[in-house]
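Notes to accompany the following structure.
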Amino acid sequence: MSILHWAVLAPFLYTLLIPITFIFRKKIHTGWFVLLLPLLLFIYFCRNIGTTSNLHTKVESIPWIPSLGIDFAVKLDGLGMLFALLITGIGSLVILYSIYYLDKNKEKVNHFYVYLLLFMGAMLGVVLSDNLIVLYMFWEITSISSFLLIGFWNNRSNSRYGAIKSMVVTVFGGLSLLAGIVLLYLMTGSFTISEIITSVQQESIMSHPLFILGMICILLGAFTKSAQFPFHIWLPDAMEAPTPVSSYLHSATMVKAGIYLVARLSPVFAVSGYWLWIVSLVGIVTLIYGSFMAIKQVDLKGLLAYSTISQLGMIMSLLGIGAAGVHYDNESVYYIATAAAVFHLVNHATFKGSLFMMVGIVDHETGTRDIRRLGGLMKIMPITFAIALVGSMSMAGIPPFNGFLSKEMFFASMLNILDFQMFNLDTWGVLLPVIAWVGSIFTFVYSMILVFKTFTGKYQPEKLSTKPHEAPMGMLISPIILVSLVVIFGLFPGLLSNTILSPAITSIYGGGVYDLHIYHWHGFEPELFMTIGVIVLGIILYLTVGKWSVIYQAIPVIWNRIYDWLFGETENGFNKLTNRYMTGSLRTYLIYIFSFFILILSYTLFAKDGFTIDTSRLAPIGGYEVVLSLVLVISTIAILFAKSRLTSIILLGAVGYTVSLFYVVFRAPDLALTQLVIETVSVALFLLCFYHLPRNARKKESIPFKLSNAIISVLVGLVVMVIAIASYSTKLFDSISQFYVENTYTKAAGENMVNVILVDFRGFDTLFEITVLAIAAIGIYSMITLRMGGKKNENK
908 MSILHWAVLA PFLYTLLIPI TFIFRKKIHT GWFVLLLPLL LFIYFCRNIG
958 TTSNLHTKVE SIPWIPSLGI DFAVKLDGLG MLFALLITGI GSLVILYSIY
1008 YLDKNKEKVN HFYVYLLLFM GAMLGVVLSD NLIVLYMFWE ITSISSFLLI
1058 GFWNNRSNSR YGAIKSMVVT VFGGLSLLAG IVLLYLMTGS FTISEIITSV
1108 QQESIMSHPL FILGMICILL GAFTKSAQFP FHIWLPDAME APTPVSSYLH
1158 SATMVKAGIY LVARLSPVFA VSGYWLWIVS LVGIVTLIYG SFMAIKQVDL
1208 KGLLAYSTIS QLGMIMSLLG IGAAGVHYDN ESVYYIATAA AVFHLVNHAT
1258 FKGSLFMMVG IVDHETGTRD IRRLGGLMKI MPITFAIALV GSMSMAGIPP
1308 FNGFLSKEMF FASMLNILDF QMFNLDTWGV LLPVIAWVGS IFTFVYSMIL
1358 VFKTFTGKYQ PEKLSTKPHE APMGMLISPI ILVSLVVIFG LFPGLLSNTI
1408 LSPAITSIYG GGVYDLHIYH WHGFEPELFM TIGVIVLGII LYLTVGKWSV
1458 IYQAIPVIWN RIYDWLFGET ENGFNKLTNR YMTGSLRTYL IYIFSFFILI
1508 LSYTLFAKDG FTIDTSRLAP IGGYEVVLSL VLVISTIAIL FAKSRLTSII
1558 LLGAVGYTVS LFYVVFRAPD LALTQLVIET VSVALFLLCF YHLPRNARKK
1608 ESIPFKLSNA IISVLVGLVV MVIAIASYST KLFDSISQFY VENTYTKAAG
1658 ENMVNVILVD FRGFDTLFEI TVLAIAAIGI YSMITLRMGG KKNENK
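The end of the sequence shown is residue 1703 by the numbering used here, with every number in the run present.
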């Protein structure tokens, strides 16, 4: 395997070492041990920036299931590099922050870091996989690991609720994504992303009847993961997770997986007008909805949750507009829009990560995140206030921070789409720039609420559970680094433009090197006036928020109610269904099993024309076989009329011993001996067990009940008989028995063919069977020992 493969698998393998740290838990925090891995991975990816910035791509592949076209293929290009740096870089800072946030003596930190590393490895797998099936595998691991992280404090009902909701929504999207992947395979004949993009560029698949359905399925997967409206409902409830989790999953990684998927597959679907309309409209609606709802939140993490929804909508809408440029062959539009998307991706990770950490510090040091109980913390927590101020100003799009630059590019992209005939003053497409501008005003307002409602105003110590003070330096290091990047990338955007951003744009849409220049001043352009309008109206709305926020009372919050109703009704419905067939009766369960057995196998025989009966190769039936068959049938029928358990057991034993005589007649002494031993042991065990059972109070059964049992029994026997005869009569391949005849002695040095097959040719099968038996024996011994111990304790 290549180093790139090991980079993806390293977090999974590293989790195996975490239990070792339990020995040193009193001396050192597990986080210091875990921190080494993301730091090393970040350094590794940084060393490869020169490769991707020169538009070179690393592709490594290992065959996995070649017959299905599934290989463990990893690809490091500009887009993969961008996400890999975010995953490992932000991951390192989050782990450093968590060392001081989580008390190793009170929290299950080993569990926490196992879940976090699983998530990190899954995200690296998603963004570096070049095979859609492998990508899907890692995609679902992100859902599972995020479920564990969100529900880390599983003693809290809200944490469990948030974890389940995130799992339900994202797994629904994941299954939809899987359907889209299969449909894409049917259209292109490949699971490899690079091959799919190449084939689509050579021959469009837009006319394929499965194109629209496949596109919708893939977008559902992307929208649910990136919390796009109306699938955003899981993200606010996911804020019940520890703050390091929120900072990592919901600002830099998990929610960006959907963004990555749309960016990666844009070359496949961007030629369709449906793609650009769906992605653009869903993104812009998510932007304004998230920003508007963020203002009404009184919980700081709730505010950040809706702000994340808003920012993700902004990035998604930019990717949609970039697709519009491709669709209408306008390079300037998709270039600027896509550049704005990838730039804001980085900017959002830096300022939102720092803000989540800031909120964690406030909660950690004051005991609350309720804005109504906070205020006047600026003098008490000056460093935290500085972090909040820089992060909030960047999120609001105020110069000279990096958020201002990507927001200006966002406005420019929205204005550029008016050049298209479909987006002009004569069509309703002109609403997109207007909605983008209004959403940015709300973004400004909630950014001001976040920083000034928390750190300015009246100090209310009587409403706080603890006396606030500045956080320890260890907890401040990570957010300080992030806000430093906010300032650095804002003042010197050229550090990213042609090393990280331009290669990412090329990875999405191909082509040559894009010479990307990002400036603070572009002259008196429309986007400048839009920014001035955002600031002016934003300040007015912030100062008057108490007067107009009453409109929220008139807006019903229905989406969570819809989810709760659907979830509750589904759960109740399946509970009722389960209670109807889970009656506790073994006979009833067997009726269900055998009925489905009959229906499915009979349908298969009819559908596949399996009723082929060829008697030409059957051996002649001798007198011994006739006698044994009669004994077998008579014994079996007699069991049904037996009135005592002892008689039933004896007759059942007669059936087993008769089968062993068949093996003797057919010259299979090994099988005969095995059958005799098993039958003897079975009869003995039955006798021992039935001796301890209560007397059998036989109920008088109705004739219809007996008749239904008889019909099912006869049908099962007929189906099995027909399958046996048909399978013998239909020889699609040569029998493998000749292989064993020729190789048993020469290759395995054994004369007993059955023994050689069990020990040599199928040695692993036998080994695993022995292992299963050993585990079962240990389990039985343990239960008997525990029960005997329990009885002794009762006697005492």
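Think of the CB as a built atom: it goes at the ideal place given N, C-alpha and C, for glycine as much as any other residue.
> By Cβ distance below 6 Å, which residues in the same chain neighbour residue 1360 in space, the five residues on each side in sequence not counted?
Replying inline: 1278
>> Helix, strand or coil, according to DSSP, for residue 1525 in the structure here?
In response: coil
> How is residue 982 classed by DSSP in three states: helix, strand or coil?
Replying inline: Strand.
> When we look at the beta-carbon of residue 1272 and count the other beta-carbons within 10 Å, is it buried (16 or more) or exposed?
Replying inline: buried
> Roughly how many angstroms lie between the CA atoms of residue 963 and residue 1376, to the nearest whole one?
Replying inline: Using only the alpha carbons, I get a separation of about 50 Å.
>> Beta-carbon within less than 7 Å of residue 910's beta-carbon, same chain only, minus the 5 sequence neighbours each way: which residues are those?
In response: none
> What is the DSSP secondary structure of residue 1036, reduced to helix, strand or coil?
Replying inline: strand
> Leaving out five residues before and five after residue 1508 in sequence, what residues of the same chain have Cβ atoms less than 7 Å from its Cβ?
Replying inline: The answer, listed in chain order, is 1626 and 1630.
>> Could you check whether residue 967 and residue 875 sit closer than 8 Å to each other, using their CB atoms as the reference points?
In response: No information on residue 875 is available, as it lies outside the stretch 908 to 1703 that the chain covers here.
> What are the boundary residues of the alpha helix (DSSP H) that residue 1110 is part of?
Replying inline: Careful: residue 1110 lies outside any alpha helix (DSSP H) and carries neither H nor E.
> What do you get for residue 978, buried or exposed, if any count of 16 or more other CB atoms within 10 angstroms of its CB means buried?
Replying inline: buried
> Would residue 1310 pass as a contact of residue 1321 if the rule is Cβ separation under 8 Å?
Replying inline: no
> Opposite residue 1369 in the DSSP bridges: which residues?
Replying inline: Answer is none; residue 1369 lacks a bridge partner.
> Is residue 971 helix, strand or coil when you go by DSSP?
Replying inline: Residue 971: strand per DSSP, three-state reduction.
> Hey, out of 1576, 1538 and 1552, whose CA is closest to residue 1563's CA?
Replying inline: 1538
> For residue 994 versus residue 1030, is the C-beta distance shorter than 8 Å?
Replying inline: yes
> Helix, strand or coil: how does DSSP classify residue 1150 here?
Replying inline: helix
>> Whether or not the region 1031 to 1049 and the region 1082 to 1093 are in contact is what I'm after, with contact meaning three or more pairs of Cβ atoms, one per stretch, closer than 8 Å; do they touch?
In response: Yes: at least three Cβ pairs fall under 8 Å.
> Is it right to say residue 1182 is buried, meaning 16 or more other beta carbons lie within 10 angstroms of its own, or is it exposed?
Replying inline: buried
> CB-CB under 6 Å to residue 1085, same chain, minus the five flanking residues each way: which ones, in chain order?
Replying inline: 1043
> CA-CA distance, residue 1553 and residue 1566?
Replying inline: 20 Å
> Since residue 1008 and residue 1151 are thought to touch, with beta carbons under 8 Å apart, how far apart are those beta carbons, to the nearest angstrom?
Replying inline: 6 Å
>> Applying the 10 Å Cβ sphere with the 16-neighbour rule, what's the burial state of residue 1196?
In response: buried
> Comparing alpha-carbon positions, which option in 1490, 1366, 1395 and 1345 lies nearest residue 1445?
Replying inline: 1345
> Distance, Cα to Cα, residue 934 vs residue 1120?
Replying inline: 56 Å
>> Rounded to whole angstroms, what is the Cα-Cα separation between residue 1384 and residue 983?
In response: 30 Å
>> Which runs of the alpha helix (DSSP H) at least 4 residues long sit entirely within the region 1378 to 1449? Give them in chain order.
In response: 1380 to 1398 and 1409 to 1416
> So, helix, strand or coil for residue 1142, using DSSP?
Replying inline: Reduced to three states, the DSSP call for residue 1142 is helix.
>> Going by DSSP in three states, residue 1706 sits in which element: helix, strand or coil?
In response: With the chain covering only 908 through 1703, there is no way to say anything about residue 1706.
> Given a threshold of 16 other Cβ atoms within 10 Å of its Cβ, counted over all protein chains shown, does residue 1135 qualify as buried or as exposed?
Replying inline: buried
>> For residue 1412, which residues in the same chain have their Cβ closer than 8 Å to its Cβ, ignoring the five residues on either side in sequence?
In response: 985, 1242, 1245, 1246, 1249, 1421 and 1423
>> Short of 8 Å in beta carbon distance, which residues of its chain neighbour residue 1068, apart from the five on each side in sequence? Order them along the chain.
In response: The answer, listed in chain order, is 1144 and 1147.
> What separation, rounded to the nearest whole angstrom, lies between the Cα atoms of residue 1678 and residue 1684?
Replying inline: 10 Å
> How would you write the range of the alpha helix (DSSP H) that residue 945 sits in, first residue to last?
Replying inline: 937 to 954
> Between residue 1211 and residue 1264, what straight-line distance do the alpha-carbon atoms span, to the nearest angstrom?
Replying inline: In a straight line, the C-alpha of residue 1211 is about 11 Å away from that of residue 1264.
> Just the Cα atoms here: how many angstroms apart are residue 938 and residue 1005?
Replying inline: So the two alpha carbons sit approximately 7 Å from each other.
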